[in-house]
Each structure stands twice: as C-alpha cells, then as structure tokens.
Amino acid sequence: MDSATTAPADRAMSRSQSRPLWRRMPTRTLLYHLLVGGLGILMLYPILWLFASSFKGAAEIWTNVRSLIPQDFTLANYTNGWRGFGGITFATFYANSFFYAGVATLLTVLASAVVAYGFARINFVGRRIWFACMLATLMLPVQVQIIPQYIIFSELGWINTFYPLLLPRIGGQAFFIFMIMQFIRGIPKDLDEAAEMDGCGKGGIFFRIILPQIVPALITAAIFSFYWTWEDFLTPLIYLNDPKLYTVSLALRSFADPSGQTDWGAIFAMSSLSLVPVFVIFVAFQRFLVEGISTTGLKG
Amino acid sequence: MSNALPAPAAPASATAKAPTRPRKRGGARRTDNLMGYLFIAPWLVAFLAFTLIPIVASFVLAFTNYDVLNPSWSWVGLQNFERMFTRDPRYIKSLQATFFYAFTAIPLRLAFALAVAMLLNTHRRGVSTYRAAYYAPSIVGGSVAVAVMWREIFGADGLINAILGTDITWLGNPNTAIWTLIVLAVWQFGSPMLIFLAGLKQIPREFYEAAAIDGAHGGQQFWHITLPLLTPIIFFNLVMQLISGFMVFTQAFIITGGAPLDTTLFYALYLYQRAFVSLQMGYASAMAWVLLAIVAVMTALVFRSSSYWVFYGSQEEN
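As given, the protein sequences belong to chains H and S, one line each in that order.
So the first sequence is numbered by the numbering used here: it starts at 6 and just counts up by one.
So the second sequence is numbered by the numbering used here: it starts at 1118 and just counts up by one.
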C-alpha cells in the first residue's frame, strides 16, 4: 500500500520503510497521548484520591468525594492518625515494620546471592535435585507450610517475637536465587577461570569477581524483598498478637476496623503514609524494577 | 575466609583448565562437593527446617483432628477430606468463589496487560512515564493500605457511587462484592504488562514490515505475528498468575472478610479461619493439601495444553 504513494521521492520511500505511516502523523501522536495519558491518570486516580482525601477536613471528606483538591487543606488527619490506638503511636509500628523489612531484606539478599553462586557456578553431586526442589518451592502454596510452622514456633514459645518472621529468611528466597543465578550466568566464565589459575578459590571468586558484578541484581532483589516484607500481612497476623509488636500493615487493619474507628481522615492519612516508603523507592530505583521484572518475570 | 581457600584449589584447577578451550567449557567440569554444599547450605538448612519438614508434618496432620487447644488428638483417616466435600457447605462456597475469581480475574488481567503493553511498545516521548504510571498500582496492590482504600472507594458513600451518582452497596450485595475484588486484581496488571513489553520488543521489526508489504493490516498482524510469537510469554504469565490467583488472601480479608453470604470467601481466607480462628489445624492442613492438588492440576493442565497453542520459534536460545 505504501509503495504506490512513495514512488515520487526516494527520501519519502526510505522513511516510510523504516517507520510505518501512522507514526509520522502528529494527529496520531496527539490521540496516542490523549488515550494513553488519560488511561494512565485513570489508573492512578484511586491512589491520588486516597492521598487527596487524607488532606480533607472531616466535614468534606464524604461530601466533596470526587475532587482531588481539598477545599480546606489540613494536616490534622496526620497528627490525629499518628497517635495510633491503645496508647501506641504509629512511631512504634513504623519502627517494627522497618526492623522487620530491613533485617529480612538483608538476610534474604545475602543468602540468595551466596546460594545463587553455589547453584550457578559450582558443580556438585545432587545439584540438579536440589535445584529442582528450589524451583518447586516457587509453586508451593504457603498454606501447606504455615500450620506446622506455627505449631513448631509456638512450641518454642516464639509467638509474639520476630523469630518466626525472620528465621525462614536465612535461606534466601527461591525467586531471588533464581533471578541472581540468571544474572551470574551472564558473566563470562573466563573471568572465573582466570582467577582460578591465579590461585583463587570458590570463595575468593564469589567475593572478588562475582559479587561486584551482580550488584544491580542484588538491588532489584533488595527492593522486591523490602516491598513484599513491608506489605506482608499474613505472617505478622499469625505470629504477632501484641499491639506493641504490630507492623504498619497489622496496625492499619486494626486502625481502620469499620466497627470501631470512624475518623476516616486519620485512616486515609495513615494509609497514605504507609505507601510513602514504597513510592519513594519506586521513584528512586524505577530502572532496576522494570529491568528486574522484564528479565526474570518477578511478580510485583 | 576467602584467603584461606586458594592454596589447595590451585594445582587441581591448573591441570583441569589448561587444555580447555573457551568454547568447550561445559565438558571437563570438576565437581566440588564441599564448596557446593557450603554455598547452598543456607538455603538447604532453611528448606529442610521450614519447608520440607513442615510439608511432611502438614501431610500427617491432614489425617488427624489436631487442634491446638485440645492436646488429645487422633487419627481420623480420610474424614477431613470427606467432610470438606460432603458436610461443609462453606468449603464448597469457598471453592466456587476461588474458581470464579481465578477464571475471571486472570484472563482479564492478562488481556489488559497485553493491550497496555502493545500501547506502550513505541519509542514515543513520555513512554517511560506512562509505564511507571501503569505499573504503580501493582507495587502497592498487595498492601493493607490499598485494600482499606478499595473498601472505601466501593463503600456506600464512596468514590464509585459519587462518580456514578448511584446508591449501590457494592460490598454488601452478593452479586457485586466479588467483582470489586476482580476489578482490584485487574487494576494490578503491571507485572505481566512489563513481561509482555519485554517480549514485544524481542519480535523482529522485519516481520511486521514484510507483512505490511504483503498487505496485512493491524488486526491481521496482531493475530498472525504478535500473538503467535508471544505465546511462550502468555504461557509463562498464565502459570505465574494461576499460582498466585488461587492464594489471594489479604484483599478479601480486609475488603469483604468473605461476606456477603460467603461469596468472597476465598480458599486461603477460609483456610486461615479454620486454622487460626477455629484452630482446627488438622482440617485446615487437609484443606491446604487439596489446594496444593488444585494448583498442581491446573498448572499441569496448562503445561499439557501448551503443545497445542504455545509456539516456539527457531530462536530457542532466548
């Protein structure tokens, strides 16, 4: 269809071959931005609504529902919400969440890197079987493990401690091990071999050659691990019953209990606040996230 | 630690590696059991302690009436399974809700993910901003905050009723409640979208150019080039979504709590109630094994069917 129209000018022909016709038309571009941009705003609208509502006064929160601009802007929701409940402020919940997410992420990423190197670069008896076991755990519903885990941890007297939340992380996480393995496989083996000739052992190769090169993968793993732990709800729900130990997720659930609390402004404020760390990391490390998901298919 | 290791390894590696050409690196690989197990030890220990032993224990529990509060438990054989399917109407309700959710939310989510990925597969200005905007809901999607937000959006005085000018109790109506959760799931299409996007970028431009010369228009190009070449990625996304779709918990727990009339009593939610509210851990373990069986069968079906619809091109290295 293009060949007929491009006959008069060589220049036009070469352009039309490299780029389809519709891409050169400005009205198409305009329509594209209207459609995709409009849809994008629609996607973000609920989140923007949550943030906007958190700045609305009690009088307008359910009367001026649709607007994203508060009529009288107030920070009172945040100061009211921060007081928390039962005499425990959100400062405690944030400290708990940062502790849980921070330690869990550190453990997960370090262990995943070490294990990934073992699976990716060392040949040992039983490697295939263990690797298959690890991949199988990706598909395993947590429900099959949590009941006996709960029984064991409660027998040990570890209910209302962070041990049941943190100890299972010492082995890394199958998702990240797999992702880091893919990354290590991309590193030329010549480097390992050269180091081995120079008398470097497996440990030396890992720390001096592999580790510096997989930093981007480790950052991606750290971000996802932080997200998943920050948003984790089921594990804290099962093991933490003392409000002093509540993570932000657990606290929000109690705080926003529809049968009790009616300070909706405060609920919106604390909900918004709990998303801030997630979005800050998202904006700062967007590149790592997109690459991480695209190359390994991590769930978000 | 790393300083102590090189000495014994050096002579062996020198003899093993010297004759190897860079191209044939796979052939003459030494085994190094000690170092191998040392490196995977963290995973192995955690796997045995926190996965394998609990799985075995869970399997045993499934045939008991174990109850944390009641130390005298006994074997009940297949009674838990029999009770599930014959004497527990709530269990049947939870199966119905979970299958309905999985079979509507997953195809819709994947369809949206693919449609948006195709829209974003261009080199226009601002595409990376759009990509971030479309992905943003997915990174916060599993959080309690978003679940609380969703509950208020669909509340009686919420955003949806305000926009539509209606007065519908979305969360209280058995016909609409599950759809609020499905819409929430579809809204979070970010991860499969990014995976589709990566797949779309792999399709060589020449295919489309050749098709255009032959007079194939947009729709034909989609059906005969894009879709067949994306089938491996659709397959991957389908498997991943299937597994997570059957285990959805937090959203239902916060937004509907299983109500109304158990129409949103998802499997994981009912299992939680049985295990940690009623403390019937034997029964809940049996439920967990049925869940495992369901997920395994569904995944196996997708794998089995893949030879009929997944197209692997000549570039298999990818």
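Glycine included, every Cβ here is placed at the ideal spot set by N, Cα and C.
Give the residues from the region 109 to 120 of chain H that approach chain S closer than 7 Å (Cβ to any Cβ), ordered along the chain.
Against chain S - using a Cβ distance shorter than 7 Å - the residues of the region 109 to 120 of chain H are A116, V119, V120.
Rounding to the nearest angstrom, what Cα-Cα distance links V130 (chain H) and F1428 (chain S) in this structure?
Those two C-alpha atoms are separated by around 35 Å.
Find out if the Cβ-Cβ distance for the pair L1346 (chain S), I1312 (chain S) is shorter than 7 Å.
Going by C-beta atoms, L1346 (chain S) is not nearer than 7 Å to I1312 (chain S).
What does Y1251 (chain S) reach in chain H if we use C-beta pairs closer than 7 Å?
Near Y1251 (chain S) (Cβ distances below 7 Å), the residues of chain H are G45, M48.
How should T306 (chain H) be labelled, buried or exposed, when 16 other C-beta atoms within 10 angstroms of its C-beta is the threshold for buried?
Limits of chain H in this structure are 6 at one end and 305 at the other, which puts residue 306 (chain H) out of reach.
What does the alpha-carbon distance come out to for the pair A271 (chain H) and T1181 (chain S)?
Taking the straight line joining both Cα atoms gives about 46 Å.
Looking only at DSSP bridge pairs, what is D1184 (chain S) linked to?
BP columns for D1184 (chain S) point to S:N1187.
Can you tell me whether E236 (chain H) is buried or exposed? The criterion is at least 16 other CB atoms within 10 Å of its CB, across all chains shown.
Buried, since its Cβ has 16 or more Cβ neighbours within 10 Å.
To the nearest whole angstrom, what separates the beta carbons of F1352 (chain S) and S1423 (chain S), a pair I think is in contact under 8 Å?
Their Cβ separation, rounded to whole angstroms, is 5 Å, which keeps F1352 (chain S) and S1423 (chain S) in contact under 8 Å.
Would you say S1189 (chain S) reaches chain H, if we count a Cβ-Cβ gap shorter than 7 Å as a contact?
Not an interface residue.
State yes or no: is the C-beta of M1310 (chain S) within less than 7 Å of the C-beta of L1359 (chain S)?
Result no, Cβ atoms of M1310 (chain S) and L1359 (chain S) do not sit closer than 7 Å.
Between H:T234, H:A256, H:W269, which has its C-alpha nearest F104 (chain H)'s C-alpha?
For F104 (chain H), the nearest C-alpha among the options comes from H:T234.
Return no unless some Cβ of chain H is closer than 7 Å to the Cβ of A1366 (chain S).
Reading off the sequence, residue 1366 (chain S) comes out as Phe, not Ala. So, interface residue.
Is I1320 (chain S) close to chain H? Criterion is C-beta to C-beta, closer than 7 Å.
For I1320 (chain S), the answer is no, since every Cβ of chain H falls outside 7 Å of its Cβ.
Just how far apart, CA to CA, sit F1420 (chain S) and V1356 (chain S)?
Those two C-alpha atoms are separated by around 8 Å.
If you run the structure through DSSP and keep just helix, strand and coil, what is F1352 (chain S)?
If DSSP states are grouped into helix, strand and coil, F1352 (chain S) belongs with the helices.
Alpha helix (DSSP H) containing C138 (chain H): first to last residue?
Looking at the DSSP string, the run of the alpha helix (DSSP H) that includes C138 (chain H) is 132 to 144.
Roughly how many angstroms separate the alpha carbons of I93 (chain H) and R258 (chain H), rounded to a whole number?
Their Cα atoms are separated by approximately 15 Å.
Starting from F129 (chain H), follow its DSSP beta bridges and name the residues at the other end.
None, per the DSSP bridge assignment.
Any idea if S1245 (chain S) is buried or exposed, counting beta-carbon neighbours within 10 angstroms, 16 or more meaning buried?
It is exposed - the Cβ of S1245 (chain S) has fewer than 16 other Cβ atoms within 10 Å.
List the residues that DSSP assigns as beta-bridge partners of F90 (chain H).
Answer by DSSP bridge pairing, in chain order: H:I93.
Please go through the same chain and pick out, in chain order, the residues whose beta-carbon is closer than 7 Å to the beta-carbon of R132 (chain H), but skip the five residues on each side of it.
Hits under 7 Å: F124.
Is DSSP giving W67 (chain H) helix, strand or coil here?
It is coil, neither helix nor strand.
Ends of the alpha helix (DSSP H) at G43 (chain H)?
That run of the alpha helix (DSSP H) goes 31 to 58.
Taking C-beta pairs closer than 7 Å, name the residues in chain S that K61 (chain H) reaches, listed in chain order.
Going along chain S, no residue has its Cβ under 7 Å from K61 (chain H), so there is no contact; the nearest lies around 12 Å.
Of all the CB atoms in chain H, is at least one closer than 7 Å to the CB of S1423 (chain S)?
No - not a single Cβ of chain H is within 7 Å of the one on S1423 (chain S).
How close, in whole Å, do the beta carbons of Y1218 (chain S) and L1298 (chain S) come, if the pair is a contact with beta carbons under 8 Å?
Contact holds; Cβ gap of about 7 Å.
Buried or exposed, going by whether 16 or more other CB atoms sit within 10 Å of the CB of A289 (chain H)?
So A289 (chain H) ends up on the exposed side.
Pull up the distance between the alpha-carbon of Q1368 (chain S) and that of S276 (chain H), whole angstroms please.
Going by the C-alpha atoms only, they are around 14 Å apart.
Taking the CB atoms as reference points, tell me whether L1231 (chain S) and Y1247 (chain S) lie closer together than 7 Å.
Taking 7 Å as the Cβ cut-off, L1231 (chain S) and Y1247 (chain S) do not qualify as a contacting pair.
What do you reckon, are the CB atoms on V114 (chain H) and A226 (chain H) nearer than 7 Å?
For V114 (chain H) and A226 (chain H), yes; Cβs fall inside 7 Å.
Could you say which of H:S72, H:V70, H:T240, H:T142 lies nearest to F1164 (chain S) if we only look at CA atoms?
When only C-alpha atoms are compared, the closest one is H:T142.
Which of the three DSSP states is assigned to W1296 (chain S) in this structure?
In this structure, W1296 (chain S) counts as helix in the three-state DSSP scheme.
By a C-beta neighbour count over all protein chains shown, 10 Å radius and 16 as the cutoff for buried, is T1132 (chain S) buried or exposed?
Its pLDDT being 35, under 50, T1132 (chain S) is placed unreliably in this model, and the value from its coordinates should be taken loosely. Label assigned to T1132 (chain S): exposed.
Quick one: Cα of Q1196 (chain S) to Cα of F1363 (chain S), how far?
Whole-angstrom Cα-Cα distance: 24 Å.
If you check the beta carbons only, do P1377 (chain S) and G1289 (chain S) fall under 7 Å apart?
Yes, Cβ-Cβ distance for P1377 (chain S) and G1289 (chain S) is below 7 Å.
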